[in-house]
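To start, the structure itself, in C-alpha cells.
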Amino acid sequence: MIEVQNVTKKIGDKVILKNISFNVEEGQFITVLGPNGAGKSTLFKILSLLMKPTSGVIKINGIAVNEGGIALRQKLGVISHNSFLYDSLTARDNLLFYGKMYGVKKLEERVREVIQQVGLELSFYQQVKTFSRGMLQRLAIARCLLNDPEIVLFDEPYTGLDQQAIDILNNVLKTLKQRKRTILMITHNFEEGVELSDRILILNRGELVFDEANLYDLKSLKEIYRKKVGISA
Amino acid sequence: MTFFRKALAIVEKDIKAEFHSKEMLSVMLVFALIMLVIFNFAFDVKKQIVNDIFPGIIWITFFFSGLLGLNRSFFIEKNQDCLLGLMLAPVDRSVIFLGKMLSNFVFLLIIEILTLPLFFIFLNIPVPQKFGFFLIILFFGSLGFVAIGTFLAALAANTRASDILLPVLLFPVLIPVILGSVAATKGVFFNLPFSEWSIWLKILGVYDLLFIVVPLMLFEILLEV
Ligand SMILES: Nc1ncnc2c1ncn2[C@@H]1O[C@H](COP(=O)(O)OP(=O)(O)OP(=O)(O)O)[C@@H](O)[C@H]1O
Ligand SMILES: [Mg+2]
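Residue numbers (this note's numbering), protein chains in the order written: chain A, 424 to 656; chain B, 1061 to 1285.
Printed below as a string of C-alpha cells:
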C-alpha cells in the first residue's frame, strides 16, 4: 500500500533522512521508534505530502505521492506535534470546519460521533483556548478521524493524555486496526499501543536501523532499542 | 463548485473565530478612529484643505487599517500549525488563498462601513453626487488591496519578522492600486467628468484581476516546503 523507496531528506547541508526504504501493507500497524531528532516527524511530513524528499520516491497504492495530491490527502488522517485546531473556535466549530474541508457527509452526525469517541461531549461548545493539553490532544484525535481515513499517521498521539484518554486512544487504535486501516505511529512510550502493532521500525540519526515484525515483549524490545540506538529507552 | 464551497468554509471559520475573539476588528477599528481624530485635529483650521485631501485620507486610513488585519490573518493560522492542517486537507492550495482573501475582504469592508460615515460627519465632507461610483471604487480598491495583501502576508508568515516584512513588501507593489483608488475617488469627490478619471477605474480593475489570478496560480508554490 505504501512504498518508501530510497528516501533522503536534506535541509541545507544537514542530512535528516538517509536513504530510507520500507513497504507497508494495507491494514498493517507500524510503530516507529527513535530518539529525539532522529527524523521521525520529518518522515511523517514527507509521507503526508507536507514536505518533498530531496531524493527517493513514495508511492501510495502505486501512485507516486507528488502526483496523487488531493485524492491522496482525502485518504489521510494526521496527528502531529501541533493540534491544527483554532484557539478561538469551539470544539464543535473546529470539527465542522475541518469536516467541510474534507467534504464529510452527514457532517453534524459525524462530528457528534467522533466527539463521543474521544469523550469530549461536555466540552462540545467550549472554546479550544480553554482546553487543557490532554483535551486538546483528544480533540486532535477526533479531528483526525473525521474523514474516516484509510491511512493514519500518528505522531506521538499519547502526549498529554490521562489514563482515561489513553484507554480511549487504545480503543481508537484497536477499532482502526479491526477495520483494516493502515496505521503508522511514532511514539516514545513503549508501554502504550506498541503491543498492538504488527511491525516495529527504529530510526536513529536519519537511518532506518531496525525493521522487523513485532514478535517481542516489552523487555526484549527495550533491549533491542538500547542496542540499536545506544541509549536506554 | 466544491472549490468555492470550501473557500467559503474558510471564510465562515474566520468570521466565527473573529466573532469570538474580536481581536482583528477591534484593532482595525481603533486604528481607523485614531486616524480620524488625528486628521480632524490636524486640519480643522483650513476647511478647503480637508476637501482636497479627503480621498487620500480615507485610503491611507483603510489601507493601513487593512494592513493590521492582514498581519493578524495568518497569525491565527500559524498558531497550532493550522496552516499545515489546511494544507493537509484535500483541497487545492488556491482554495486557501481565495478563502483567506475573501475573509480579509469582509473584515476590511466591515471597517469601511463602520467608519466611513464618521469620516463624512467629523471632517464635514458633503456626500458626493455620484456616491454610487464611490462605492464601486471602494469595492475594487479594497479588493486589490486584500488580494495582493493576502498573498504577501502568506509569504511573510513563514519568516521571522513577518509583521515588519509585510508593509515593506506590500506598499511598493500596491502603488498602482493606491494611485488608482485615490485618483478615481478624487474624480468622484471633485465632480470631475467621468472621462477624465475612468482610466483609473480601468487600471484598478486590471490590477485587481492580476492580483487575484497570479496568486491563485502561485499559491501552490508559495506553500511548498
Ligand atoms: N525545518 C527544519 N530545518 C532544519 N532542520 C530541521 C527542520 N526540521 C527538522 N530539522 C532537523 O531534523 C532532525 C529531525 O527532526 P524531527 O522533527 O524529524 O525529529 P523527531 O525524530 O520527530 O524527534 P522528536 O522525537 O523530538 O519529535 C532534527 O535534527 C531537526 O533539528
Ligand atoms: Mg517528532
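Beta carbons are placed, not taken as given, at the ideal position from N, Cα and C, and that holds for glycine.
- Distance from the CA atom of residue 458 of chain A to the CA atom of residue 628 of chain A, rounded to whole angstroms, is 8 Å.
- In the DSSP annotation of this structure, the continuous segment of the alpha helix (DSSP H) that includes residue 1099 of chain B starts and ends at 1083-1102.
- Remark: the shortest separation between the CB of residue 459 of chain A and any heavy atom of ligand 1 falls under 7 Å.
- For residue 1172 of chain B, the CB contacts under 8 Å within the same chain, skipping 5 residues up- and downstream, are 1122, 1198 and 1202 in chain order.
- Contact with chain A is absent for residue 1129 of chain B, since none of that chain's Cβ atoms lies less than 8 Å from the residue's Cβ.
- In the three-state reduction of the DSSP assignment, residue 513 of chain A falls in the strand class.
- Spanning the alpha carbons of residue 1186 of chain B and residue 1180 of chain B requires a straight line of approximately 7 Å.
- Taking the CA atoms as reference points, residue 1156 of chain B sits about 7 Å from residue 1070 of chain B.
- Under the three-state reduction of DSSP, residue 608 of chain A is assigned to strand.
- Non-local C-beta neighbours of residue 1175 of chain B in its own chain, meaning closer than 6 Å and more than five positions away in sequence, comprise 1092, ordered along the chain.
- Using a CB distance below 8 Å, the part of the segment 517-528 of chain A facing chain B consists of 520, 521, 523, 524, 525 and 526, ordered along the chain.
- If you draw a 10 Å sphere on the C-beta of residue 1277 of chain B, you find fewer than 16 other C-beta atoms in it, and that means exposed.
- Closer than 8 Å to the CB of residue 496 of chain A there is at least one CB belonging to chain B.
- Annotation for residue 428 of chain A: the continuous beta strand (DSSP E) segment containing it runs 425-434.
- Summarising the contact set, residues whose Cβ lies nearer than 7 Å to any heavy atom of ligand 2 are, in chain order, A:463, A:464, A:504, A:578, A:579 and A:609.
- Taking 7 Å as the cut-off, the C-beta of residue 642 of chain A does not count as close to any heavy atom of ligand 1.
- Interface annotation, residue 550 of chain A: in contact with chain B, CB-CB separation under 8 Å.
- Across the segment 1070-1096 of chain B, CB contacts with chain A closer than 7 Å involve 1073, 1076, 1077, 1080 and 1081, in sequence order along the chain.
- Boundaries of the beta strand (DSSP E) around residue 441 of chain A: 437-447.
- In this structure, residue 425 of chain A keeps its C-beta atom at 8 Å or more from the C-beta atom of residue 465 of chain A.
- For residue 1144 of chain B, the nearest CB of chain A lies under 8 Å from its own CB, placing it at the interface with that chain.
- Residue 1214 of chain B carries a helical assignment under DSSP once its states are collapsed to helix, strand and coil.
- Among the residues facing chain B, residue 478 of chain A is not included, as its CB has no counterpart in that chain under 8 Å away.
- Secondary structure at residue 1175 of chain B: helix, using DSSP grouped into helix, strand and coil.
- The beta carbon of residue 558 of chain A lies closer than 8 Å to those of 543 and 546 in the same chain, with the five residues before and after it left out.
- Inter-segment contact for the segment 583-601 of chain A and the segment 549-558 of chain A is present: three or more beta-carbon pairs are separated by less than 8 Å.
- As the crow flies, the alpha-carbon of residue 505 of chain A is around 43 Å from that of residue 1196 of chain B.
- Using a Cβ-Cβ cut-off of 9 Å, residue 1150 of chain B is close to 492, 493, 494, 495, 496, 497, 498, 499, 524, 525, 526 and 570 of chain A, given in chain order.
- Residue-level contact by beta carbon holds for residue 1062 of chain B and chain A, with a gap shorter than 8 Å.
- In this chain, residue 638 of chain A is not harboured by any alpha helix (DSSP H), its DSSP state being neither H nor E.
- The continuous stretches of alpha helix (DSSP H) do not include residue 478 of chain A, which lies in the beta strand (DSSP E) extending over residues 478-483.
- Taking C-beta atoms as the reference points, residue 1246 of chain B and residue 1115 of chain B count as a pair closer than 8 Å.
- Look at residue 578 of chain A here: in three-state DSSP terms it is strand.
- Interface criterion met: the Cβ of residue 510 of chain A is under 8 Å from a Cβ in chain B.
- Between the alpha carbons of residue 1079 of chain B and residue 1126 of chain B lies a distance of about 17 Å.
- When Cβ-Cβ separations below 8 Å define contact, residue 505 of chain A makes contact with chain B.
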